[in-house]
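*Asks:* I'd like to ask you about the structure that follows.
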Amino acid sequence: AYPKYSYNYGVADALTGDVKSQAEHRDGDLVKGQYSLVEPDGTVRVVDYTADAINGFNAVVSKHGHAVHPAPAVSHLGYVHGK
Numbered sequence: 296a297y298p299k300y301s302y303n304y305g306v307a308d309a310l311t312g313d314v315k316s317q318a319e320h321r322d323g324d325l326v327k328g329q330y331s332l333v334e335p336d337g338t339v340r341v342v343d344y345t346a347d348a349i350n351g352f353n354a355v356v357s358k359h360g361h362a363v364h365p366a367p368a369v370s371h372l373g374y375v376h377g378k
């Protein structure tokens with residue numbers, strides 16, 4: 296049978312912060328797809344890929360947005376040495 300399919304899905308869970316999507320299309324020996332996800336630093340990683348019998352699997356990864364890192368925790372510990 297001739298292999299041919301298409302699918303896609305996405306997740307956006309506000310409770311866990313899990314945000315990702317995937318789409319793929321196959322027509323014979325050629326597969327093309329893309330997936331993306333939100334990294335812990337808030338940037339979005341996007342991977343576009345192709346696969347075929349001649350070139351194998353190839354992926355191009357890009358990152359979008361600006362990383363947001365939490366401010367470091369500051370601790371002021373008072374220490375009094377007893378006499």
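Counting in my numbering, the sequence shown runs from 296 upward without gaps. Where is the CB? At the ideal position from N, CA and C, for every residue including glycine.
1) Taking DSSP as the reference, what is the three-state secondary structure of Asp-343?
2) Quick one: Cα of Lys-358 to Cα of Ala-366, how far?
3) In the DSSP assignment, the beta strand (DSSP E) including Gly-328 goes from what residue to what residue?
4) Between the C-alpha atoms of Asn-303 and Leu-310, what's the straight-line distance to the nearest angstrom?
*Replies:* The short version:
1) The answer is strand: DSSP assigns Asp-343 an E or B state.
2) For Lys-358 and Ala-366, the distance between alpha carbons rounds to 22 Å.
3) Its beta strand (DSSP E) spans residues 325–333.
4) Asn-303 and Leu-310 have their C-alpha atoms spaced approximately 22 Å apart.
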